[in-house]
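So the protein sequences, as listed, match chains A and B. So for the first sequence, this note's numbering puts the first residue at 1; every next one is plus one. So for the second sequence, this note's numbering puts the first residue at 1; every next one is plus one. We treat Cβ as the ideally placed atom computed from N, Cα and C, and that holds for glycine. Keep in mind that this is a model prediction, so the values were computed, not measured. First up is the structure itself, then whatever we jot down about it.
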Amino acid sequence: VFGRLGAAVRVSGGEIPQDGGLPDAHPTYRAVVTALQSDPGTAPLLADASLLDRAAYELGLFSRLLRGAMAGEPSSGPASSEPAETGFATAPSVRLVHTRWDWDGFVADATLAAPLERGAAWMLHLPPSGPLHVRRLHPLPALLLEAGAYPFTRAAAAAAVAERVDDDPARIAALVESQVNELCAAGLLRPSAPTAADHAVSEMRRLLLPDEAPSSGARTIVGLLSRTVHHMREHAEEALRAAGGAYPVHRLDVSVGRLDQLLISARLRSAFAAELDGYWAGADVPARVAALSPLIDVLRRALGGGVHAFHPYLISP
Amino acid sequence: MTGATWPARGFRLPRGSRDAHTAAAAAMLHRLAGSFPDAGLGIAGSVATGTHGPASDLDLVVVDASFRREMQFATVSEGIRTAIVCLRPDLDAEREKRWMLGAGGDAVIVSMVRGAFVARDPAGHFDSMQRTVARLDAARRTRSDELVDLWREHAFTAMRMLRSGGGAGVEHLQLELFAAIVGGWVLRQGLVVDTRRTDEQMLDTIAGRDAPLSALLREAVPLTRASTAPLLQAAGHVFGPAPPGE
Numbered sequence: 001v002f003g004r005l006g007a008a009v010r011v012s013g014g015e016i017p018q019d020g021g022l023p024d025a026h027p028t029y030r031a032v033v034t035a036l037q038s039d040p041g042t043a044p045l046l047a048d049a050s051l052l053d054r055a056a057y058e059l060g061l062f063s064r065l066l067r068g069a070m071a072g073e074p075s076s077g078p079a080s081s082e083p084a085e086t087g088f089a090t091a092p093s094v095r096l097v098h099t100r101w102d103w104d105g106f107v108a109d110a111t112l113a114a115p116l117e118r119g120a121a122w123m124l125h126l127p128p129s130g131p132l133h134v135r136r137l138h139p140l141p142a143l144l145l146e147a148g149a150y151p152f153t154r155a156a157a158a159a160a161v162a163e164r165v166d167d168d169p170a171r172i173a174a175l176v177e178s179q180v181n182e183l184c185a186a187g188l189l190r191p192s193a194p195t196a197a198d199h200a201v202s203e204m205r206r207l208l209l210p211d212e213a214p215s216s217g218a219r220t221i222v223g224l225l226s227r228t229v230h231h232m233r234e235h236a237e238e239a240l241r242a243a244g245g246a247y248p249v250h251r252l253d254v255s256v257g258r259l260d261q262l263l264i265s266a267r268l269r270s271a272f273a274a275e276l277d278g279y280w281a282g283a284d285v286p287a288r289v290a291a292l293s294p295l296i297d298v299l300r301r302a303l304g305g306g307v308h309a310f311h312p313y314l315i316s317p
Numbered sequence: 001m002t003g004a005t006w007p008a009r010g011f012r013l014p015r016g017s018r019d020a021h022t023a024a025a026a027a028m029l030h031r032l033a034g035s036f037p038d039a040g041l042g043i044a045g046s047v048a049t050g051t052h053g054p055a056s057d058l059d060l061v062v063v064d065a066s067f068r069r070e071m072q073f074a075t076v077s078e079g080i081r082t083a084i085v086c087l088r089p090d091l092d093a094e095r096e097k098r099w100m101l102g103a104g105g106d107a108v109i110v111s112m113v114r115g116a117f118v119a120r121d122p123a124g125h126f127d128s129m130q131r132t133v134a135r136l137d138a139a140r141r142t143r144s145d146e147l148v149d150l151w152r153e154h155a156f157t158a159m160r161m162l163r164s165g166g167g168a169g170v171e172h173l174q175l176e177l178f179a180a181i182v183g184g185w186v187l188r189q190g191l192v193v194d195t196r197r198t199d200e201q202m203l204d205t206i207a208g209r210d211a212p213l214s215a216l217l218r219e220a221v222p223l224t225r226a227s228t229a230p231l232l233q234a235a236g237h238v239f240g241p242a243p244p245g246e
């Protein structure tokens with residue numbers, strides 16, 4: 001795709017630190033990331049064209065950590081046994097990717113000079129073991145998995161779909177019911193408390209009260225990572241606005257220092273050495289933030305969103 | 001507040017306007033009171049003081065003796081991002097020391113407990129925690145020399161490693177040294193960093209009280225390889241010269 005768009009990707013293994021046990025594909029990934037930064041004019045197109053592959057690779061990098069954090073989580077049950085008022089939430093192992101252009105169609109049709117601007121939804125699923133699954137989604141499952149970032153009920157999902165689709169409400173409700181059951185059976189949606197707040201209280205009871213401690217190492221790293229990322233963009237914007245104000249600049253340094261340490265703990269620092277070293281070497285705040293921004297995007301994609309974006313983490317065992 | 005009468009599942013809210021944040025707090029507190037009937041429930045941060053804005057998070061503290069561990073949760077209540085810090089009412093000696101130093105992540109928890117608005121406290125757990133923090137604040141003042149010594153140890157360790165080159169982690173050593181310098185200076189001045197606001201204002205406070213230190217710290221920000229020299233000078237300014245061999 002890059003070739004047909006007139007962009008070059010040069011793979012050089014020499015810049016990649018070899019101490020982190022990184023996949024063989026890492027130099028290619030870094031070359032694609034570098035190509036995205038080389039021409040601001042074509043960057044949006046190239047970024048969209050490579051988004052799915054980058055997201056899949058990045059999720060693979062974080063797979064050991066995320067699987068560790070998800071270990072011991074309750075598995076999905078049959079949706080039909082749940083009472084009607086029960087909510088559903090997308091499984092923490094699912095990530096959605098939306099591309100703006102139809103790259104599959106572009107690749108399949110050599111006569112096209114440019115891709116059609118017809119968005120596509122993709123699902124990445126990280127099962128407890130084995131390879132990552134990547135699947136293109138039809139609109140209804142895409143809508144339900146997206147809505148499931150926060151718990152929803154069948155009735156709420158049917159109402160949301162009815163707002164977008166002009167059809168018989170009873171038929172829509174039946175379709176939603178059937179699709180929810182199918183996604184639950186596949187482990188992609190999970191029965192949940194009906195709201196995010198109820199889900200949190202339910203998690204508190206599950207994790208705080210039993211004598212047996214939940215697995216905590218990976219869970220805590222993921223929880224701290226997601227919070228650090230959540231605040232880091234804010235800190236970066238404030239540091240840029242502060243134009244030399246010492247505290248906002250120092251607070252961003254502290255945030256990045258924490259991120260750096262967390263990635264070392266996760267044995268992932270070497271995968272993002274270019275971004276982190278670029279930050280610390282940057283002469284001024286704009287240069288530092290420019291070096292850091294791609295890493296913030298990677299972390300947001302890999303760590304997920306909604307009720308699973310902020311994993312509970314252990315303060316004290 | 002021990003001995004106060006608390007409604008079976010009721011709670012109080014801070015005085016002031018009833019807005020989306022207090023509605024979110026009320027909804028979450030109602031759920032928590034129902035699920036953890038003996039828990040002390042507090043509202044911390046800007047919602048407790050009424051200084052929140054539309055984009056503010058809601059910070060809640062739950063203290064319960066039945067918790068087997070301490071964890072932080074995050075959720076959304078009535079559309080407002082909500083953090084829930086769950087604590088046990090007891091402290092061990094090591095944690096008391098960290099709380100007195102106001103170091104690392106514990107500093108945030110201490111600040112949350114200290115400044116929390118107590119919404120409900122049927123078993124007196126929250127009152128007990130706030131009295132503990134008050135006791136540690138007092139100890140922080142009376143034992144400031146001892147605590148400054150602990151920060152000095154941290155600082156000298158970081159300085160020794162920085163002087164030997166620091167390796168790949170030079171920025172982390174600089175961050176540790178920066179924290180030790182500010183922590184030691186705050187104790188020497190008899191100040192308590194009790195909220196995020198005062199933490200934000202600390203560099204301004206230093207500028208107002210100690211111009212030479214302020215100049216060195218500003219020279220060190222943002223942290224780069226060149227920041228080591230002003231940080232070493234700042235450490236000497238706060239802690240005195242390093243002992244021979246350091």
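- One alpha carbon belongs to R209(B), the other to I315(A), and they sit about 35 Å apart.
- Proximity of chain B to E203(A) at the Cβ level (cut-off 7 Å) is accounted for by F73, in chain order.
- In the displayed model, A83(B) falls within a strand according to three-state DSSP.
- Residue pairing of V61(B) in beta bridges, as defined by DSSP: G42(B), V85(B).
- It is roughly 16 Å from the alpha-carbon of L224(A) to the alpha-carbon of R301(A).
- Put simply, the backbone Cα of D64(B) is about 53 Å away from that of D102(A).
- When rounded, the separation of the alpha-carbon atoms in D48(A) and D284(A) is 29 Å.
- Burial of D121(B) is indicated by the presence of at least 16 other C-beta atoms within 10 angstroms of its C-beta.
- Taking 8 Å as the cut-off, the Cβ atoms of T82(B) and L162(B) do not count as close.
- For a Cβ distance threshold of 8 Å, nothing in chain B lies close to P92(A): the least Cβ distance comes to about 14 Å.
- Put simply, the CB of W280(A) is near chain B, with a gap under 8 Å to one of its CB atoms.
- For M232(A), the CB contacts under 8 Å within the same chain, skipping 5 residues up- and downstream, are L252, S255, V256, L259, L292, I296 in chain order.
- In the three-state reduction of the DSSP assignment, G87(A) falls in the strand class.
- For E182(A), the enclosing alpha helix (DSSP H) covers residues 169-185.
- Taken in chain order, the complete alpha helix (DSSP H) segments of 4 or more residues contained in the stretch 83-129 of chain A are 103-108.
- Residues of the stretch 76-88 of chain B with a Cβ closer than 9 Å to any Cβ of chain A, in chain order: V76, S77, E78, R81, T82, A83, I84, V85, C86, L87, R88.
- Distance from the Cα of S77(B) is smallest, within the candidate group G124(B), V113(B), A23(B), for A23(B).
- In the structure shown, Y247(A) falls within a helical segment according to DSSP collapsed to helix, strand and coil.
- Under the three-state reduction of DSSP, V33(A) is assigned to helix.
- Under the 8 Å Cβ criterion, the stretch 39-49 of chain B does not count as touching the stretch 169-183 of chain A, having fewer than three qualifying pairs.
- Secondary structure at Q201(B): coil, using DSSP grouped into helix, strand and coil.
- Between the stretch 90-107 of chain A and the stretch 118-128 of chain A there are three or more inter-stretch CB-CB distances shorter than 8 Å, so the stretches are counted as touching.
- Across the stretch 6-28 of chain B, CB contacts with chain A closer than 7 Å involve A27, M28, in sequence order along the chain.
- L66(A) is the residue among G217(A), R288(A), G105(A), L66(A) whose C-alpha sits nearest the C-alpha of V94(A).
- Contact between the stretch 182-191 of chain A and the stretch 199-214 of chain A is absent: fewer than three C-beta pairs spanning the two stretches fall below 8 Å.
- Exclusion of the five residues before and after A55(A) leaves R95, V97, L124, R301 as the residues of its chain whose Cβ lies within less than 7 Å of its Cβ.
- Contact of R288(A) with chain B by beta-carbon distance below 8 Å involves P222.
- Taken through DSSP and simplified to helix, strand or coil, H172(B) comes out as helix.
- Secondary-structure assignment with DSSP links S316(A) through a beta bridge to E70(B).
- About 5 Å separates the CB atoms of L41(B) and A119(B); that is less than 8 Å, so the two are in contact.
- Look at F152(A): its C-beta is not under 8 Å from any C-beta on chain B.
- Taking a C-beta distance under 8 Å as the contact criterion, R218(B) and A243(A) do not qualify as a contact pair.
- The criterion of a C-beta distance shorter than 8 Å is not satisfied by M28(B) and A69(A).
- When the five nearest sequence neighbours on each side are left out, no beta carbon in the same chain lies closer than 8 Å to the beta carbon of A110(A).
- Judged by beta-carbon spacing, P151(A) lies beyond the 8 Å limit of A236(A), meaning their Cβ atoms are not closer than that value.
- Residue nearest to H26(A) within the set S270(A), E146(A), L144(A) is S270(A) (criterion: CA-CA distance).
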